[in-house]
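Line order of the protein sequences matches chains A and B.
The numbers in my numbering rise by one with no breaks, and the one at position 96 of the first sequence is 96.
Every position in the second sequence, counted from 1, becomes a number in my numbering once 222 is added.
Number of protein chains: 2
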Amino acid sequence: MLPSSTVENYLKAIYVGETHLTGGEQLVPMGQLAGALGIAPGTATTMVKALSESGLVVYEPYNGVRLTAAGQKLAARVLRRHRLIELFLVQVVGMKWDEVHDDAEQMEHVVSDRLIERIDEMLGQPEVDPHGDPIPTADGQLPHRTLESLLTCPLHTPVTVARVTDQDAAFLRFIESHNLKPGQTIEVEARDDVSDSVRLKGANNALMTIGARAASKLLVTG
Amino acid sequence: MLPSSTVENYLKAIYVGETHLTGGEQLVPMGQLAGALGIAPGTATTMVKALSESGLVVYEPYNGVRLTAAGQKLAARVLRRHRLIELFLVQVVGMKWDEVHDDAEQMEHVVSDRLIERIDEMLGQPEVDPHGDPIPTADGQLPHRTLESLLTCPLHTPVTVARVTDQDAAFLRFIESHNLKPGQTIEVEARDDVSDSVRLKGANNALMTIGARAASKLLVTG
DNA sequence: GATTTAATTTTGATTACTCAAAATTGACAA
DNA sequence: TTGTCAATTTTGAGTAATCAAAATTAAATC
Ligand SMILES: [Mn+2]
Ligand SMILES: [Mn+2]
Ligand SMILES: [Mn+2]
Ligand SMILES: [Mn+2]
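What follows is the structure in structure tokens.
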């Protein structure tokens with residue numbers, strides 16, 4: 001049976017959820033999964049039990065869910081498609097980086113393997129999407145770079161924005177308008193815990209202050 | 223309520239079915255509709271009754287179905303998307319004309335209006351798709367050219383292939399390999415009712431004979 | 001250890017879409 | 001006019017996905 005769009009979305013959400021796990025955690029909690037998919041918790045439970053029957057996930061009642069090897073392979077395929085499509089829409093079609101997420105969210109389920117291969121070829125086997133998110137390889141490996149956020153990187157040291165971990169269109173437009181897109185070089189001038197803010201020097205030496213919450217979503221390389 | 227992919231497919235099939243109606247016929251028979259969609263006849267009846275409730279079609283039991291103005295508007299929108307996407311995949315992505323139908327069949331339901339507009343713009347508001355099928359305008363008009371088929375056009379007279387009315391990949395590859403794609407100039411040398419065939423002179427003066435059934439699917443302009 | 005609470009699961013129901021097979025209809029032919 | 005038949009509709013049933021609200025569980029608090 002080929003997986004439905006719904007199943008693909010569940011697997012992808014679990015896959016992404018797993019990458020967010022910190023410390024010794026192994027399982028994505030049902031609440032987090034339901035939240036990520038925008039569905040009722042009971043629905044997630046029912047569905048995950050079905051996925052478990054199909055051998056795509058391991059489900060531990062009251063603890064959470066994780067992917068099997070089979071589930072991981074499918075999830076990586078969907079995520080690869082999503083990110084290739086996003087980059088394609090920006091690079092080839094000329095859409096803006098804050099416009100492409102929703103289209104990719106739908107197209108990832110329906111375009112043919114042939115079209116995805118063609119896109120990958122046109123883009124020259126890219127490694128990251130327009131937001132700096134890594135693109136899983138054709139054989140299902142997710143390249144991992146260790147990145148620091150603007151909350152943890154060294155002060156007074158030039159760093160390059162590598163990734164923006166928030167798909168919200170308004171946030172992305174804010175980032176763009178302040179010249180903080182991936183590829184741009186910036187410097188953290190100061191951090192202030194009391195005011196919960198981070199002071200930055202942008203590409204054009206422009207100074208700006210952003211909240212810690214926003215700063216945590218900007219990942220950089222040294 | 224925005225229409226589901228299923229509803230869009232029904233409306234599109236009725237729309238296309240209506241254009242195939244000859245003579246005084248007004249209604250698309252349920253059998254033809256079910257056949258076009260690859261579903262059981264009873265399913266079509268049930269669904270059409272629901273579409274009728276929604277005001278998208280007029281349903282006459284035992285006679286057939288036709289679109290209301292509202293249904294026509296939606297159907298034209300889907301067909302426009304389908305054909306723009308096909309042309310985009312050929313012109314921009316570099317896929318072959320026999321590969322694009324299935325991708326378009328799915329993408330037509332999910333891509334955003336913004337992406338469709340961008341595609342229309344990139345292609346310069348095209349009037350026909352890769353198979354010569356007319357593209358409905360943004361306001362829902364389907365441009366109509368009167369075309370003759372190779373069964374009815376004059377003999378020994380140069381004509382230009384304008385449209386191929388069969389999406390089957392093998393058929394399209396046959397047409398392409400014999401230099402009979404839209405735009406190419408050919409001439410009908412002879413028709414033979416007994417052998418059910420048509421003799422052609424191709425672009426390169428190559429002679430070939432094709433069956434009447436195939437010939438009827440090649441539409442030309444004088 | 002008992003109690004409260006938050007997360008999770010279960011229950012019961014709904015919507016959308018589908019099929020196979022039985023019943024019906026309407027057109028045509030005998 | 002009646003019988004036949006093909007097309008169509010109806011019936012009964014099933015799958016996939018969803019929700020709201022009740023019940024349960026496990027963990028944290030008292
Ligand atoms: Mn999706
Ligand atoms: Mn992205
Ligand atoms: Mn379709
Ligand atoms: Mn076409």
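Even for Gly, the Cβ is constructed at its ideal location relative to N, Cα and C.
Report task. Please say whether G140 of chain A and T160 of chain A have beta carbons closer to each other than 8 Å? Result -> No.
Query raised in the report: If you count every other CB in all the chains shown that lies within 10 Å of the CB of H156 of chain A, and 16 or more means buried, which is it?
Result: Around the C-beta of H156 of chain A, fewer than 16 other C-beta atoms lie within 10 Å, and the residue is accordingly described as exposed.
Report task. Would you list the residues whose beta-carbon is nearer than 5 Å to any heavy atom of ligand 3, in the order they occur in the chain? Result -> Matched residues: B:N231 and B:E327.
Query raised in the report: In chain order, which continuous runs of the beta strand (DSSP E) of length 3 or greater are located wholly inside the segment 155-216 of chain A?
Result: If only uninterrupted beta strand (DSSP E) runs of at least 3 residues are considered, those enclosed by the segment 155-216 of chain A are 158-164, 185-192, 197-201 and 207-211.
Query raised in the report: What residue ranges within the segment 273-337 of chain B form continuous alpha helix (DSSP H) runs of no fewer than 4 residues, ordered along the chain?
Result: With a minimum length of 4 residues, the continuous alpha helix (DSSP H) runs that stay inside the segment 273-337 of chain B are 291-313 and 322-329.
Query raised in the report: Who are the neighbours of S112 of chain A on chain B, taking C-beta pairs under 7 Å?
Result: In chain order: D324 and D325.
Requested in this report: Determine the DSSP secondary structure at T221 of chain A, reduced to helix, strand or coil.
Outcome: T221 of chain A falls in the strand class under three-state DSSP.
Query - Which of helix, strand or coil DSSP assigns to E148 of chain A - result: Of the three classes helix, strand and coil, the one that applies to E148 of chain A here is strand, per DSSP.
**Report entry** Distance, H131 of chain A Cα to P348 of chain B Cα
**Finding:** Straight through space, the alpha carbons of H131 of chain A and P348 of chain B are spaced by roughly 32 Å.
Query raised in the report: Quick one: is V48 of chain A near chain B, going by C-beta distance under 8 Å?
Result: Judged by the 8 Å Cβ criterion, V48 of chain A is not in contact with chain B.
Report task. Let me know the secondary structure DSSP gives P41 of chain A once reduced to three states. Result -> Residue state, collapsed to three classes: helix.
Query raised in the report: If the cut is a Cβ gap below 7 Å, which residues of chain B does G38 of chain A touch?
Result: Taking a Cβ-Cβ cut-off of 7 Å, G38 of chain A has no neighbours in chain B, whose nearest Cβ is about 17 Å from it.
Query raised in the report: To the nearest angstrom, how far is it from the Cα of I186 of chain A to the Cα of Q32 of chain A?
Result: Cα-Cα distance, rounded: 33 Å.
Query raised in the report: When the Cα of Q313 of chain B is compared with those of B:H242, B:E343, B:L289 and B:G433, which residue comes out closest?
Result: The closest CA to that of Q313 of chain B, considering only B:H242, B:E343, B:L289 and B:G433, is found on B:E343.
Report task. State the CB to CB distance for the pair L311 of chain B and D324 of chain B, rounded to an integer number of angstroms; the pair is presumed to be in contact (CB under 8 Å). Result -> That pair is no contact at about 10 Å.
Query raised in the report: For I261 of chain B versus I307 of chain B, is the C-beta spacing smaller than 8 Å?
Result: Against a cut-off of 8 Å, the Cβ pair of I307 of chain B and I261 of chain B comes out as no contact.
Query raised in the report: chain A partners of M252 of chain B, CB-CB under 7 Å?
Result: Near M252 of chain B there are no residues of chain A at all, since even the closest Cβ is about 28 Å away, more than 7 Å.
Requested in this report: Determine the closest residue to I236 of chain B out of B:L224, B:A298 and B:D388, with distance taken between C-alpha atoms.
Outcome: Comparing Cα-Cα distances from I236 of chain B to each of B:L224, B:A298 and B:D388, the minimum goes to B:A298.
Query raised in the report: Is there a Cβ from chain B that is less than 8 Å from the Cβ of R199 of chain A?
Result: So, not an interface residue.
Requested in this report: Measuring only between beta-carbons, confirm whether L118 of chain A sits less than 8 Å from chain B.
Outcome: In the sequence as displayed, the identity of residue 118 of chain A is Arg instead of Leu. Judged by the 8 Å Cβ criterion, R118 of chain A is in contact with chain B.
Requested in this report: Taking only beta-carbon positions, decide if L115 of chain A is within less than 8 Å of chain B.
Outcome: At least one chain B Cβ lies under 8 Å of L115 of chain A.
Query raised in the report: Are the C-beta atoms of Q328 of chain B and some chain A residue less than 8 Å apart?
Result: Judged by the 8 Å Cβ criterion, Q328 of chain B is in contact with chain A.
Query - Cβ-based neighbour list, N179 of chain A, same chain, cut-off 6 Å, excluding 5 preceding and 5 following - result: The answer, listed in chain order, is G202 and A203.
Report task. Look at A272 of chain B and A256 of chain B and say whether their C-beta atoms are less than 8 Å apart. Result -> No.
Query raised in the report: From this set, B:L233, B:E240, B:A291 and B:K439, which residue's C-alpha is nearest Q384 of chain B's C-alpha?
Result: At residue 384 of chain B the sequence reads Ala, which differs from the Gln that was named. The candidate whose alpha carbon is nearest that of A384 of chain B is B:K439.
**Report entry** Cβ-based contacts, 8 Å cut-off: residues of the segment 69-95 of chain A near chain B
**Finding:** Of all residues in the segment 69-95 of chain A, only L89, V92, V93, G94 and M95 place a beta-carbon less than 8 Å from a beta-carbon of chain B.
Query raised in the report: Who sits around ligand 4, taking every residue whose Cβ is closer than 6 Å to one of its heavy atoms?
Result: So the residues near ligand 4 by this Cβ test are B:R305, B:E308, B:D351, B:H353 and B:D355.
Requested in this report: For D168 of chain A, count neighbouring C-beta atoms within 10 Å of its own C-beta (all shown protein chains included) and say buried if the count is 16 or more, exposed if not.
Outcome: Under this definition D168 of chain A is an exposed residue.
Report task. Determine the direct distance from the alpha carbon of G42 of chain A to that of M30 of chain A, and round the result to whole angstroms. Result -> C-alpha separation (whole angstroms): 9 Å.
Query raised in the report: With distances taken from CA atoms, which of B:E330, B:T268, B:Y284 and B:G286 is nearest L296 of chain B?
Result: Selected option, being the one with the closest Cα: B:E330.
Report task. Take A258 of chain B and list the residues in its own chain whose beta-carbon comes closer than 6 Å to its own, dropping the five residues that flank it on each side. Result -> If we look at A258 of chain B and ignore the five residues flanking it on each side, its Cβ neighbours are A235.
**Report entry** Members of the segment 164-196 of chain A that neighbour chain B once the beta carbon cut-off is set at 7 Å
**Finding:** If the cut-off is 7 Å between Cβ atoms, the segment 164-196 of chain A has nothing near chain B.
**Report entry** Contact set for T152 of chain A: own chain, Cβ-Cβ below 8 Å, skip 5 residues either direction
**Finding:** Excluding residues within five positions, none has a Cβ falling inside 8 Å.
Query raised in the report: Candidates A:S197, A:V164 and A:V28: which alpha carbon is nearest K181 of chain A's?
Result: Of the candidates A:S197, A:V164 and A:V28, the one whose C-alpha sits nearest the C-alpha of K181 of chain A is A:V164.
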